[in-house]
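Peer 1: Protein chains in written order, with our numbering: chain Y, 3 to 199; chain D, 3 to 199.
For glycine and all other residues, C-beta sits at the position ideal for the given N, C-alpha and C.
Protein chains: 2
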Amino acid sequence: MSQSRPYHHGDLRAALLASAERTLRERGTAALSLRELARDIGVSHAAPGRHFKDKQALLDALALSGFERLNQALASANLPDTALEPRMAALARAYVTFSVDNPELLELMYSRKHDPDIGTELAASAELSLDSFVRLVADAQQRGEIVQGDPEGITLVAAAGIHGLAALATNGTLRPDAVLAGLDQHIHLILHGLKPR
Amino acid sequence: MSQSRPYHHGDLRAALLASAERTLRERGTAALSLRELARDIGVSHAAPGRHFKDKQALLDALALSGFERLNQALASANLPDTALEPRMAALARAYVTFSVDNPELLELMYSRKHDPDIGTELAASAELSLDSFVRLVADAQQRGEIVQGDPEGITLVAAAGIHGLAALATNGTLRPDAVLAGLDQHIHLILHGLKPR
DNA sequence: ACATCATTGTTGTCGACGTCTACATTGGCG
DNA sequence: CGCCAATGTAGACGTCGACAACAATGATGT
Numbered sequence: 003m004s005q006s007r008p009y010h011h012g013d014l015r016a017a018l019l020a021s022a023e024r025t026l027r028e029r030g031t032a033a034l035s036l037r038e039l040a041r042d043i044g045v046s047h048a049a050p051g052r053h054f055k056d057k058q059a060l061l062d063a064l065a066l067s068g069f070e071r072l073n074q075a076l077a078s079a080n081l082p083d084t085a086l087e088p089r090m091a092a093l094a095r096a097y098v099t100f101s102v103d104n105p106e107l108l109e110l111m112y113s114r115k116h117d118p119d120i121g122t123e124l125a126a127s128a129e130l131s132l133d134s135f136v137r138l139v140a141d142a143q144q145r146g147e148i149v150q151g152d153p154e155g156i157t158l159v160a161a162a163g164i165h166g167l168a169a170l171a172t173n174g175t176l177r178p179d180a181v182l183a184g185l186d187q188h189i190h191l192i193l194h195g196l197k198p199r
Numbered sequence: 003m004s005q006s007r008p009y010h011h012g013d014l015r016a017a018l019l020a021s022a023e024r025t026l027r028e029r030g031t032a033a034l035s036l037r038e039l040a041r042d043i044g045v046s047h048a049a050p051g052r053h054f055k056d057k058q059a060l061l062d063a064l065a066l067s068g069f070e071r072l073n074q075a076l077a078s079a080n081l082p083d084t085a086l087e088p089r090m091a092a093l094a095r096a097y098v099t100f101s102v103d104n105p106e107l108l109e110l111m112y113s114r115k116h117d118p119d120i121g122t123e124l125a126a127s128a129e130l131s132l133d134s135f136v137r138l139v140a141d142a143q144q145r146g147e148i149v150q151g152d153p154e155g156i157t158l159v160a161a162a163g164i165h166g167l168a169a170l171a172t173n174g175t176l177r178p179d180a181v182l183a184g185l186d187q188h189i190h191l192i193l194h195g196l197k198p199r
């Protein structure tokens with residue numbers, strides 16, 4: 003009976019990450035337990051320790067993979083030869099869509115837990131997310147489509163606006179579908195301002 | 003010896019909240035333990051259970067008190083008879099200042115853990131935070147200082163922009179002092195838009 | 001081919017935690 | 001003054017993360 007599985011799993015690390023992400027999506031960060039993951043996969047309770055020095059290391063890895071996928075989504079949504087407004091709207095849609103599709107993951111990605119400098123790799127990937135926006139603003143400035151002046155500050159207005167929107171859509175303050183429905187108008191307002199012209 | 007404290011603490015609930023907030027500020031949400039709180043205060047490990055049905059209930063209470071203080075700060079910063087831009091800047095400064103002063107609390111307040119409908123009281127207080135912005139936009143529309151159209155969407159642009167900024171300043175992505183230093187310029191860009199006029 | 005050895009998984013243990021139940025003390029209300 | 005709800009205590013249970021000692025495996029070099 004007990005069809006003895008091979009002593010070595012083969013790719014336990016990947017299995018742990020996959021199972022962890024499933025649990026994260028279905029029951030939230032708090033419900034994540036290394037022992038439960040081990041049980042689900044069918045290894046001993048200490049096996050995860052071989053691949054992640056502690057629980058935080060697994061959370062860091064999850065966050066990192068989240069940023070990688072987010073960056074990929076943003077890169078795919080980047081349309082270099084498009085006018086400013088639709089280009090920014092596409093970027094924003096990619097960001098918000100990823101967020102509402104992975105709310106718990108987003109919270110983990112931006113959680114304060116990583117800081118203890120281990121997150122250099124993670125921080126780099128997070129910075130990379132802003133890159134799409136930086137390039138967008140740089141291009142637009144060159145074309146005169148956007149106000150001149152400190153590119154960082156300008157990028158930040160767009161990025162913070164979109165991140166804030168995603169955060170509110172993700173934490174229950176706003177209805178995700180409503181946010182997505184109003185996205186184009188939202189971008190329009192960011193670009194044209196709230197004051198009458 | 004063992005100077006026997008009175009059997010009843012007097013106001014254990016308040017003491018728990020105070021101690022919890024201190025721990026939250028100093029060592030983060032993860033470091034919060036009911037048993038440790040009880041130890042610090044000098045009561046038995048089960049005493050907190052009399053005031054908070056479980057750990058989540060204490061976190062909810064902390065979040066609620068956070069929203070109450072945030073709302074108070076926003077109300078104080080509301081200057082009804084001021085022009086749009088400085089008025090919005092003051093509101094934003096209050097929001098961001100509260101956030102960088104209470105980063106862990108802010109994360110807790112907007113965490114996804116509350117949702118299970120218990121948070122009606124909490125949700126109400128969260129909505130109240132937006133009220134200052136809603137009124138600001140309504141006033142400004144009346145005075146023609148702000149673009150006409152769906153007030154909700156317009157309010158959202160301002161609120162999401164500021165919340166996003168606070169979130170980024172809070173989670174380590176941005177330096178808090180840099181955010182505060184650039185706040186007025188940031189608000190200016192939100193109001194005037196990124197496109198050249 | 002085969003001995004070696006780092007890698008990966010297991011078992012057992014520890015202390016801490018959240019929660020529950022049964023019990024003790026207290027203070028307020030009739 | 002006696003009763004009772006509110007508040008605090010003591011003990012127990014199951015789970016968890018982490019650690020250490022041990023076992024199985026498979027790659028490497030000769």
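Counting only the same chain and skipping the five closest in sequence on each side, list residues whose C-beta sits under 6 Å from that of residue 172 of chain Y.
Peer 2: Cβ neighbours of residue 172 of chain Y beyond the five flanking positions: 101, 105 and 108.
Peer 1: Look at the Cβ atom of residue 22 of chain Y, then the Cβ atom of residue 64 of chain Y, and state whether they are nearer than 7 Å.
Peer 2: Going by C-beta atoms, residue 22 of chain Y is nearer than 7 Å to residue 64 of chain Y.
Peer 1: Closer than 9 Å, Cβ to any Cβ of chain Y: which residues of the stretch 87 to 107 of chain D, in chain order?
Peer 2: So the list reads 87, 90, 105 and 106, given in the order they occur along the chain.
Peer 1: Spell out a yes or no on whether the stretch 123 to 136 of chain Y and the stretch 129 to 137 of chain D are touching, meaning 3 or more CB-CB pairs, one atom from each, closer than 8 Å.
Peer 2: Taking 8 Å as the limit for Cβ pairs, the verdict is that the stretch 129 to 137 of chain D does not touch the stretch 123 to 136 of chain Y.
Peer 1: Around the C-beta of residue 46 of chain Y, are 16 or more other C-beta atoms found within 10 angstroms, so that it is buried, or is it exposed?
Peer 2: Exposed is the call here.
Peer 1: With the cut-off set at 7 Å, would you say residue 79 of chain Y and residue 92 of chain Y are in Cβ contact?
Peer 2: Going by C-beta atoms, residue 79 of chain Y is nearer than 7 Å to residue 92 of chain Y.
Peer 1: Output, in chain order, the set of chain Y residues within a Cβ distance shorter than 8 Å of residue 173 of chain D.
Peer 2: Neighbours of residue 173 of chain D on chain Y, chain order: 112, 113 and 114.
Peer 1: Using the beta-carbon of each residue, which ones in chain D are nearer than 7 Å to residue 70 of chain Y?
Peer 2: Result: empty, since nearest Cβ-Cβ is about 17 Å, beyond 7 Å.
Peer 1: Does residue 187 of chain Y have its Cβ less than 7 Å from a Cβ in chain D?
Peer 2: Yes, residue 187 of chain Y counts as interfacial toward chain D.
Peer 1: How is residue 89 of chain Y classed by DSSP in three states: helix, strand or coil?
Peer 2: Of the three classes helix, strand and coil, the one that applies to residue 89 of chain Y here is helix, per DSSP.
Peer 1: Taking 7 Å as the CB-CB cut-off, is residue 138 of chain Y touching chain D?
Peer 2: Not closer than 7 Å to any Cβ of chain D, the Cβ of residue 138 of chain Y fails to qualify, so no.
Peer 1: With DSSP run on the structure shown, which of helix, strand or coil describes residue 113 of chain D?
Peer 2: Reduced to three states, the DSSP call for residue 113 of chain D is coil.
Peer 1: Please confirm whether residue 198 of chain Y has its beta-carbon closer than 7 Å to some beta-carbon of chain D.
Peer 2: Closer than 7 Å to some Cβ of chain D, the Cβ of residue 198 of chain Y qualifies, so yes.
Peer 1: In whole angstroms, what separates the C-alpha of residue 114 of chain D from that of residue 61 of chain D?
Peer 2: Near 12 Å, if we compare the C-alpha coordinates of residue 61 of chain D and residue 114 of chain D.
Peer 1: Nearest to residue 83 of chain Y by CA position, among Y:183, Y:145 and Y:157, is which residue?
Peer 2: If we check each option's Cα against that of residue 83 of chain Y, Y:145 comes out closest.
Peer 1: Considering only C-alpha positions, which residue in the set Y:189, Y:43 and Y:71 is nearest to residue 8 of chain Y?
Peer 2: Answer by Cα proximity: Y:43.
Peer 1: Whose Cβ in chain D lies nearer than 7 Å to the Cβ of residue 63 of chain Y?
Peer 2: Simply none; closest approach about 17 Å.
Peer 1: Does DSSP classify residue 147 of chain D as helix, strand or coil?
Peer 2: Reduced to three states, the DSSP call for residue 147 of chain D is coil.
Peer 1: Please report whether the beta-carbon of residue 5 of chain D lies at a distance below 7 Å from any beta-carbon of chain Y.
Peer 2: Reliability of the predicted coordinates at residue 5 of chain D is poor, the pLDDT of 46 falling under 50, and the value obtained from them is presented with this limitation in mind. Answer no: the Cβ-Cβ gap between residue 5 of chain D and chain Y never drops below 7 Å.
Peer 1: Which value, in whole angstroms, describes the spacing of the CA atoms of residue 196 of chain Y and residue 70 of chain Y?
Peer 2: Each residue's alpha carbon lies about 34 Å from the other.
Peer 1: When burial is assigned at 16 or more other CB atoms within 10 Å of the CB, is residue 122 of chain D buried or exposed?
Peer 2: Counting Cβ neighbours within 10 Å, residue 122 of chain D comes out exposed, since fewer than 16 surround it.
Peer 1: Restricting to runs no shorter than 3 residues, where is the beta strand (DSSP E) found entirely within the stretch 31 to 96 of chain D?
Peer 2: Counting whole runs of 3 or more residues, the stretch 31 to 96 of chain D contains no beta strand (DSSP E) stretch at all.
Peer 1: Please classify residue 86 of chain Y as buried or exposed, where buried requires at least 16 neighbouring CB atoms within 10 angstroms.
Peer 2: By the neighbour-count rule (16 or more Cβ atoms within 10 Å), residue 86 of chain Y is buried.
Peer 1: Just mark residue 40 of chain Y as buried or exposed, buried being the case when its beta carbon has 16 or more other beta carbons within 10 Å.
Peer 2: The residue in question, residue 40 of chain Y, is buried, as its Cβ has 16 or more Cβ neighbours within 10 Å.
Peer 1: List, in order along the chain, the chain Y residues whose C-beta lies closer than 8 Å to that of residue 167 of chain D?
Peer 2: Per Cβ cutoff of 8 Å: 158, 162 and 166.
Peer 1: If you draw a straight line from the alpha carbon of residue 140 of chain D to that of residue 17 of chain Y, how long is it in whole angstroms?
Peer 2: C-alpha separation (whole angstroms): 53 Å.
Peer 1: Report the option in D:178, D:153 and D:116 whose CA atom is closest to the CA atom of residue 95 of chain D.
Peer 2: Checked all of D:178, D:153 and D:116; the closest Cα to residue 95 of chain D is D:178.
Peer 1: Between the alpha carbons of residue 76 of chain Y and residue 165 of chain D, how many angstroms are there, rounded?
Peer 2: Cα to Cα, residue 76 of chain Y sits roughly 22 Å from residue 165 of chain D.
Peer 1: Let me know the secondary structure DSSP gives residue 196 of chain D once reduced to three states.
Peer 2: Note: residue 196 of chain D maps to coil in three-state DSSP.
Peer 1: My understanding is that residue 163 of chain D touches residue 181 of chain Y, with C-beta atoms under 8 Å, so please give their C-beta distance in whole angstroms.
Peer 2: The pair is not a contact, with the Cβ atoms about 14 Å apart (cut-off 8 Å).
Peer 1: Out of D:68, D:168 and D:36, which has the shortest C-alpha to C-alpha gap to residue 58 of chain D?
Peer 2: Ranking the options by Cα distance to residue 58 of chain D, first place goes to D:36.
Peer 1: If you draw a straight line from the C-alpha of residue 38 of chain D to the C-alpha of residue 33 of chain Y, how long is it?
Peer 2: Rounded to whole angstroms, residue 38 of chain D to residue 33 of chain Y spans 21 Å at the Cα level.
Peer 1: Compute the Euclidean distance between the alpha carbons of residue 98 of chain D and residue 13 of chain Y, then round it to the nearest angstrom.
Peer 2: If you take the alpha carbons of residue 98 of chain D and residue 13 of chain Y, they lie about 45 Å apart.
Peer 1: Closer than 7 Å by C-beta to residue 194 of chain Y: which residues in its own chain qualify, once you throw out the five before and the five after it? Chain order, please.
Peer 2: No residues qualify anywhere along the chain.
Peer 1: Answer with yes or no whether the minimum CB distance from residue 148 of chain Y to chain D is below 7 Å.
Peer 2: It does: the Cβ of residue 148 of chain Y has a partner Cβ on chain D nearer than 7 Å.
Peer 1: Give me the subset of the stretch 32 to 43 of chain D whose CB atoms are less than 9 Å from a CB atom of chain Y, sorted by chain position.
Peer 2: Answer set for the stretch 32 to 43 of chain D: 32.
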